[in-house]
Structure formats: structure tokens, C-alpha cells
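Beneath this line is the structure, given in C-alpha cells, with notes to follow.
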Amino acid sequence: MTDLRTLALVTVIYFSVAVQAQVPGGVLHIPPTGAVAGQAVTVEAIVEGQVVDARLYHRTAGSSGYHEEDMSFSISTWKGTIPGNFVSQRGLEYAIVFTLSDGSSIGFPHGDAVSDPQFVNVVPAPTRAPRIRQGIQTGDSTGPRLASQVIVLSPGEGEVVAQDNVLLAVSLFSVDGVDPNRVRFLLDGKDVTTEAEVTVDVVTYVAPELEVGLHTATVELTNIYGYELEPTTWSFMVGGTGSQIVAAVEEFSYSGKLRSDLSVNQVDGTTLSVGETSTTLEAGWEWFKVRTDIKRSTQESPFSQPRNRLSATIQSSDFVTVRLGDFTPVLNPYLVQGKRIRGIGTDLDLKWLRMQLIKGELERPIQGFLTEDRSYQLTEITTDSIGRPKYVLDRKGYTFGRQYMAGRLGLSLFRRFHIGVFGQKAKDEVGSVLRKLGSAQFTVPDWRGAISVAGIDSGLYSLSQLESALEGVGPINLSEKNWGGEKPMDNLVAGFDWGFSFDDRRLIVESAWAMSMLNRDIWDGAMNIAQMDTSLDDSLDGYIGRSYDELGNILSSGISTEGLPNPTQFEDIFTANINMTPIVPIDYQALSETPMAAVLNMPSSAYHLKTRAFYYGNTLEMKYSQVGPEFTSLANPYLSSNLREFVFSDRFRVFDNKLSIGYEYKSRNNKILRTTVDPYKQKTNTMTFAFAPGAGMSSFSASFQNVARTNEKTSLDTLVYTSYTGKDSIAFRDNRENTMTSNRFVSVGVPVRRNGSSYNFLMTYNSIGVEDMLEKERTSEYVQKAANSEAISLITSAKFNSPLQATLMLSRYTVQIPMAGADLTDSESRLTTIGGNGTYGLWGGRAKLSAGLSLLTVTGVSQFTFIGLNGGVEFKPFNKFVIRSSASSKIKSTDKGTEVGTLAVKLSANYVF
Amino acid sequence: MFVKQSPLILISVLLGSFLSAQPPASVAVVTKVKGNVEIRKAVSNPAFTPVKAGQLLNDEDFIRTGANAFAVLIYLDDKSMVKLKGDTNLEIRGKRVGKALEKNIQIIGGSVRAVVSQQRRGEFSVTSPTSVASVKGTSFWMVTNSQTGDAVYNEEGVVQLTNLTSGDVVDLLANQTGTSMPDGGLSVAATIAANVPVDEDDSGQEPKELRIRFTDPDGTEKVLIVKYN
């Protein structure tokens, strides 16, 4: 079972690690051909250029927002890991974005990576044999969990019982359809199911003798349809005989992890070393826990957002959680999702009432690089009123500190109905960026080309040097505000959510609505009543938007300013001025014609309505959602706006979850506003099959997806140019879109056991083909945007009787990237990889030696060969301490010659206590 | 006609066979046992066998406790609890109706304390040869003697006490004692504390307590009570 999982994981890793493709855009990355539900996915990429920030954005397919992970640089490669709890059978979408030292960004997929992320098929986790699972399951399930109606009979919560023959009993009387063969009973984390008596009505276990102190019992259930139910956990005390006092200090427990990594990479003569140390410490009692995480990175820099992490989580029972330092809050996708906050977050959950509050810093202020022309630009040399040379500077390259505050208040009634209100405020601190950076350098051009009076010599100056040089010569003009760099912003989002469930959460309805207010430039603060009056028209007449004809007759009435609040009085809440969006939240004309549609289609609103049902092995889901083109949350910049989507899906599981068949229909468009020009429409049909009969048996999964995408454009755009001679010329641009994309994925896994050794064979095939339905009507200059690709791989892993483990991988990846004037077959690159890795254990597993060799040959448009060598050693001086060391090199061979591309050494030490 | 009905008959026979083959559903579990406590299962074995904690009880199982023995049983649907003192003989009844049990204790003799959760369906009743005590949700003691009749000590809520001979009915309020005689007599008086049986769970060595306050599940406070002797 474990082997199968490992094998699948190896597939993912190998595909992304061993193979390197030459693709445009400066990012070398091959997406994984598949992933396994619940298991982490590691992606790797090589970037051309100096990277200052590398982020991996990921989400469950179909979700609105992203979670983001920092990528780390190791062995000449950027690595990022998507945690297993985000990998579900609904599929995975991710995007990689690199920010380069010149301020530009590149990413994968190429183009707008975040708007059009890479999709990864996710196959179900291999079947777990009952009664052999170890350790407490802590919510890492990837499927939905139904409410459980378990009744704890004995001992009661907090009850004090004697040491001997303690009866633990829970009633399943009110739980429908319990599968007694899949009940799991744990006492203090130890699985005691085999010693327990389990029936469809009750689970009992008699503990022979328990130690004095606090004990925790957990019962985990799965119903006959294969759905997991919420686990039931309770605690009780065991008192000793005589006069033993159970001191709380005896129940105190702690654990921790210390990890330190150092990598040194040499790429084309440039050496880059990265060090990172992380410490996790968890301590407390079952009912009161404190966890701290500290990460220190040598990549921490005042010129980028923090890489170091410092956080503490304090949890009292399940009711109060306080987070301090760096944390990733989850409130509502329309507020914040996947974004790190540095501050404080509190979560009071009384089951019927929940209050979540967050306050902190969303972005820290960055003053900007001090190097040439990064923080200042000399825009103009002119003369002042008395004829002296005046040097006009502009400030740029900075990031404002962004303060953040958010909250949600939720009410739950009868465990069936819940309603909540939420809101957030994110505002840039104008004063967080310094106007003067004395040592920041910029180029001063020769004054002779601009003014007639003598200035200073041209050259590279710092601000301090310029101030000194201009003493007695002329002034420096550096504005107090309205700099050329980014503008300070203010953002408000407010909304509500509600939902209800029936039939023990088998039928769930959820909905949320939110509206945003965004001010893109608050340099000048809030406007007053007079400025509001003239915000949409030029007449200071007490009406906003009132228009007149030439004779002064009123054409449109507008909105009276009388009675409207003065925005300056509410500046602490929101800075309202002409730069805000929306100025008018609703289309008044549409409101009079179709009021309901006008409200629903407010451009700055977002909403969704979702229903889920779990019946007879089916997981049915239907969702309608819309995010208006002007809806903005600064705490979730990855929420796709201007998007309307309808999704219907069903996953049918039979034979104890061994066979699952899924179907999904998704329709999306951006025709929210009546004024949208050439809206696109995209319809996706996906069928998935997965068959995993059990541990140690062959498994099969497949998915077939068709994506039809069109826009309403039926003719070519015409561009008319007028040359300086006055002669007109016409050009045509083909912006019509009508494509059909087919994505096919098949995976077969075969485990074999022979003579005490186990072998696993995994074959995967993935092809993506894009057909242009208008191909016959296109001109030869037209370049299709999407690329066709095909990948096939065979991975064999073996665990021998001896301490030897080996993996062999063969793969071929073919990609056709459309290029102007070239046939698709002429724009094809073929990447063939063969690689092997071996690990040998020594001294009873206290040490391991590993070595590997890979060969990548690329033919077609790009032609080169990579030879990869790697080796490593792992040593455990004692059980909880591990030291690892590895070295690798990649040798690149092209028609120009052979050279060592990269050389990397990595050291790491782990200590767990 | 027979041919037309034969599938229906066949299904009925198969369904009947299937249902009759199902093991009897459990209605309660014994959680505490002290001294000699025995059970006579309703279906399988007519002989009495010793009871251990964790013993599952079915409808119509019969339990008897020896002198100075003690037992606690809990119904599975709502945690209603019945405590048996020594020298008690009773039959446990529980019929599944929907998602609840209709519960009844047929007591021949002895003393029981019923701690009854709010009933979702019907009433919880204790029936003796002399009387029936029924409640919706409360706790009370019932001491039964076939010669002298029954004494019902109500601790909280309302207990309806019916004399089966005369048919007379009284409602017992908290701290009231009802006496039901074999001759049909039924009377109510204030409870004399000394007469109330002692709960073995609460008696004897009262544990001392060490209280540590934390967040309570209800949102106010959670108190960890460490008890020691």
C-alpha cells in the first residue's frame, strides 16, 4: 500500500524534477502528469535570470482564490511543495510566478499564469486496509465528512474513574448506516479497535489498567457508503487509589522539530548559497496547547517581503485559538485566502457562535533598492523662478506598508443553519515609505541638453551627493506625494454568508455575497462635498451627475448632495474620492429596467450559491458564482474577477469506494456587464474513472476532458493607420476564438511481490491537444496561442530483500509550441529521459547511501543533452537526529560543446524531540 | 392467481427469514458492576450468567443483583441511566421506534434509581406489580416490595405514579415521596432524606476535588475537576 503511494509520488516528483524542457518565457518546467489525493506535490522549475521572489500559487480546481507557498532554491532548481491536504480528487491548479531583480515577472504557465493556471489530474488515494492504520487522523481527509451523532456513554467528558477495568463505550444508535468493519477506536492515540467490541449499535472497550491522569478517546466512523463521519473525541480522568493527586504538570507534554539546511549552488560561475533554519515547538496539555514556528532564512532582505517566519498559536480546547505573528487566515474567499498576515488572529468558536478577528500587516513597507535608478529617477532638469537650475526627481520602486483588519461573526442554529457577516479593511500607510533615501543612487544627465544655465556634472549620484552638489547651485524638486511609483490604496469588503444542512449534512446549501470598495489612489485623502458634487460633472450645482443642455435645461437629474454624508468625516473608515471604484455601485438605468438583474450584476459585487448532496454513493455538487469586474480584495489578489461560472459535478463511488466515476460540467464567461465587448464563453466537460480494488492490487485511473472556448467575435478587427504623409493603410487582426482542447490522462499501477521483494510499475499517459475550429479561415500569419503536448512515462520501483531500493524511470515528453510561419510539426520539441536512483541502507538503517544518474535528450526546435549525477548520504547518530548531505551536478551538452551547467551541494540536519 | 401472487409471497418469506435471522438489536449497555450481578438473556440462554461491564442488553433481558451488589446500565439512544442496588430483579424493555427507544423497566423487587434524559418519544416508565412510575425526563428512586408496595422518591421534575390496583394517579413533584400499596392505596408526602436510598456511585469515599479553570465548552469557563481520595 505504502509502496503504491510512494510510487505515485515518485511519478510526480520525477516528472517535475528529472526532466527539464526548453520552453519560452525563461521558465523551464514540466508539469506533473498526475498526483495522488492527500499527498504532497512537489514542483520544480529552472529560471533564466536573477530571481528575487519565487511563489507557488495553488488551489483546488474550480476554487476562486489561491494559496501561496514560498519556493526554495536548491541544486540550481526552484522547488515548491503543495501540501497534501490541498490535493483532492477535484483536481489541482497551480501557477508559478518569479519576480526578477529588474522588477519584471515571469511564470508558468506562460502568459498570465495566475489567470490561466496549470491543471493536474488527481487520482484517489490507494485503498487503505481497515484496522491497520496507525496514528490519529487529524483532518487530512480529502473527502467530505458527515456529521456524526455518536453518544459517549462511558466515561463521560471530564469524568474521574478508577484505574482498573475502565469501560469506554459509545453509542452508535443514532448514527445511520455505520459500517462496523470500518470503525476505528483510539485511546490516547493508540488504535485499540481489535480489542474493542464493535456492533452497529455500540462500541465498547475495557481498558485493563490506565495510568493516573488525563486520557483521550477517539472513535472514527465510516458509513456503508464509504463516507467518513466526523470523529468523536472526549477526555476523562483516571484517579489513583489512596491519596494520589493528579497534578496537571504531569500531563504536560511537548514536542519539537529543528531543521537546518544549507545549499551552495554554482551556476555558470556564479555561486549562490542559501541557508534556512526552522524550529517548531509544541507544548501543553490536551486542552491547552501552544505551538511556535520560527524560520530564519538567509534570503531575508529589506528589499522584499519577509522570508523569515515567526508565529505562535495558542489553543484552548476547541473553543479559543489565538495566532500571533505570521499566519495564513481563512475567513472567506471574498476577503482573504492564502495570504500571509503578520499580526494577531483570534478565533472564538462556541459552536453556536463564532467570532473571528484578524489585525495585522498584509505587506510590510519596502523602501526600494539603493542601486542605480531603482528608487529615484531624475525626470527633468529645468530652471526655477529665479533662473537657477532645478533638478526634478521622482520616487519609485517602493511598496507601502499595508495594514489589515478583518472579522467574521457567525451564528449556528441547531447545527443545521448558519449565518454570518464579514468584513475587511486594507489600507496602505502613506507615511510608511520614506521620501528621502540618502544613499539611493540615480543617473544625472548632462544639463546642457535641457537648460541654458550651468548645472552639475553628469554621472551617478546618491541623493545625499546630489543635495551636496547642488548647494548654492539650484534646488531639488522632490514631491511630497503623488510619486510615480505605486499609489497608496484603500479597500473595504463587506458581505454575508449563510447555509443550511439537512439529513445529517447529506444535503448542504451554502451561499455568500460580498461587495467591495476600492480606492486606487488615496494620496489626496477624501473628497469634500463640493468635490463630490463635481465628481461626475463640472457643475457645482448640488447634484452629482446632473447634466444640462446649452440653454441650461436639465437633461438628467443626477443625485442630490443634500443629505449625503461628507466623505471627509468617514475617512478613517474609507477614503472616498474620485479614484474609488465603484463611484456609483449600481447601474441606475438597469435598475429601472431589470431591478433584480441590476442588483445581482453590480460590478463590484461577488456571490455564489452552492449545493452539495451525498446520497447512495453519489457526491453531487452544483454551484453558481459570479465575481464582478470591479470586485477587488487586496487580501486576495488572486480571486479572478469578471467571471461568471456554473458547475455541476457528480462523483459516484461503488464497491466500498474501490470504483469511482466522476463527471463535471463547467460553464464560464465574462458577460456580466451589458457593456462587455466580445465576451468569451468556455464550456468544460470532464469524465474521470478510478479503480483501486485494494492494497497490493493493480489500480487504474483515467480522465477525459474537453474544453470548448469561443468569443462572440465573428469578423476580423480592422486597424486603420494614417502615415505622416497622410496616406491611410489598413491592417487586420484576427481576435476570433473558437478552440476545442482535449486533455486525456490514463494511469495504470501494477504492484508485484516476489520472493520477499516488492516491485511497482506505474505507467502514465497524458496528452493535451488544441484544435482551432477556425483554422481553415485563418491566414498563414495567425499564431495559435495554446500548445499541444504529449507525455508518457514508465516508472519502476523496487524494494529488495536486502536494504537496497531502486527506481528506474523512462519518459518522453513532446510539446508543440505554435510559431509564426511554421508548421506545428516543425515547432516540436521532444524530451526523452532515462534515469535511475538507488538507495542502500547500512547498519540497520542508521545510514543510507544514495546515487543516481539521469540523461535528458532534447531534439526538435531545441537540441541539447543534460546528464545529471547525484549522490548523497544520510546518517542517524541517534534515533531522533538525522544528518543528510547530497551533491549533484548537471552537465549540459550542445552543438557548441560540453560544460558543467550546475554544481550543487546541500547539507541538512534534522532533530525531532 | 397463485402464480401472480407467488413473487410477493416469496419476497415476504425471504424478508421474514432475513429479519428473523438478524441478531437482536442492543438497547442498553452495563457500564458498572459491583458484586454479584447476573443476567438471563431473553432469547438464547435461559440460565443466569455473570454480568461484566460492557455487557450489551437486549429487549426483555432479565437482570438480578445479589446482596450488596450494584450495577449501572445506560440506554443507547439518549443515555438514560438505571442504577440497580442489591437484591433487585428487573427486566429491561426497549423497543426501537424511529430514532428513539420506548423504554420500560419491569421491576419485580428491589431498588432502582432512574436518571432519565428528556424523552423524544413517549415516556420512560418503571413498572412494578403494584404501580407504574412514568416520566418525560427527571431522576427518581423506586423501591419495590411485592408485600409492602412501592415507594417512589422524586428528586426533580414530575413523576406520574399510577396504582395498578385502584387506578389512582398522582403527580409527584421534586422532593415528594409517593407510596403505592398493593391494596390500591396511593399517598404523597414530603421526602424524608434519611429514607432515600444511598447511591453507590455517590456514596462511600467522597472524592476530594482539585479544580482547574479553563475555557468552558459553553463559552464561559471550562473546569477541569481532578478528584482524588
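Chains as they are written, first to last, in my numbering: chain U, 133 to 1045; chain E, 1082 to 1310. In this text, a Cβ means the ideal position worked out from N, Cα and C, and glycines have one as well.
Where the beta strand (DSSP E) containing residue i begins and where it ends
| i | result |
| --- | --- |
| E:V1108 | 1107 to 1115 |
| U:V553 | 549 to 561 |
| E:A1123 | Here E:A1123 belongs to no beta strand (DSSP E), and DSSP marks it neither H nor E. |
| E:V1239 | Where E:V1239 is concerned, there is no enclosing beta strand (DSSP E), given that its DSSP letter is neither H nor E. |
| U:I715 | Neither: U:I715 is in no beta strand (DSSP E) and is coded neither H nor E. |
| U:F998 | 996 to 1010 |
| U:D1027 | Neither: U:D1027 is in no beta strand (DSSP E) and is coded neither H nor E. |
| U:M819 | 812 to 823 |
DSSP three-state assignment for residue i, whether helix, strand or coil
| i | result |
| --- | --- |
| U:R886 | strand |
| U:A601 | helix |
| E:A1195 | strand |
| U:L668 | coil |
| U:N892 | strand |
| U:R638 | coil |
| U:D904 | strand |
| U:A301 | strand |
| U:G519 | coil |
| U:A722 | helix |
| U:G216 | helix |
| U:R474 | strand |
| U:T957 | helix |
| U:A662 | helix |
| E:G1185 | This sequence places Asn at residue 1185 of chain E; Gly is not what is there. It is a strand residue. |
Buried/exposed call for residue i, threshold 16 Cβ in 10 Å
| i | result |
| --- | --- |
| U:F546 | exposed |
| U:K1012 | exposed |
| E:D1311 | What the structure shows of chain E is the stretch from 1082 to 1310, and residue 1311 of chain E is not part of that stretch, so it cannot be assessed. |
| U:N898 | buried |
| U:Q269 | At U:Q269, the pLDDT of 35 sits below 50, so the modelled position is not reliable; the number obtained from the coordinates is stated separately. Counting Cβ neighbours within 10 Å, U:Q269 comes out exposed, since fewer than 16 surround it. |
| U:S934 | exposed |
| U:E682 | exposed |
| U:Y189 | buried |
| U:G1033 | buried |
| U:T274 | Confidence in U:T274 is poor, its pLDDT being 42 and thus under 50, which makes the residue's placement unreliable; the coordinate value appears in the next sentence. U:T274 is buried by the Cβ-count criterion. |
| U:R187 | buried |
| E:K1166 | buried |
| U:R263 | Residue placement at U:R263 is poorly supported in this model, since its pLDDT is 34, which falls under 50; the coordinates are not used for a value here. |
| U:W102 | As displayed, chain U neither begins before 133 nor continues past 1045, which places residue 102 of chain U out of reach and without an answer. |
Cα-Cα separation between residue i and residue j, rounded to whole angstroms
| i | j | result |
| --- | --- | --- |
| E:I1173 | E:V1213 | 14 angstroms |
| U:I718 | U:M734 | 5 angstroms |
| U:F459 | U:L981 | 37 angstroms |
| E:K1164 | E:F1143 | 14 angstroms |
| U:S448 | U:R455 | 12 angstroms |
| U:G591 | U:G529 | 20 angstroms |
| U:Y536 | U:K557 | 6 angstroms |
| U:G627 | U:P465 | 11 angstroms |
| U:P287 | U:F1007 | 46 angstroms |
Sequence-distant residues of the same chain with beta carbon closer than 6 angstroms to residue i, five excluded per side
| i | result |
| --- | --- |
| E:P1263 | T1211, G1230 |
| U:S925 | T896, S943 |
| U:K845 | D810, N867, R868 |
| U:V1044 | K389, K1012 |
| U:S671 | none |
| E:F1129 | E1119, R1121 |
Sequence-distant residues of the same chain with beta carbon closer than 8 angstroms to residue i, five excluded per side
| i | result |
| --- | --- |
| U:N651 | M621, D622, N623, F706, T707, A708, N709, N711, M712, T713 |
| U:I654 | K559, D560, V562, K619, P620, M621, D622, T707, N709, N711 |
Any non-hydrogen atom of the ligand ZN within 7 angstroms of residue i CB
| i | result |
| --- | --- |
| U:P735 | This structure lacks the ligand ZN, and indeed carries no ligand of any kind. |
Nonlocal neighbours in the same chain, by C-beta distance under 7 angstroms from residue i, ignoring five residues either side
| i | result |
| --- | --- |
| U:Q701 | none |
| U:W615 | D526, R527, K528 |
Enclosing alpha helix (DSSP H) for residue i [first to last residue]
| i | result |
| --- | --- |
| U:A729 | 727 to 732 |
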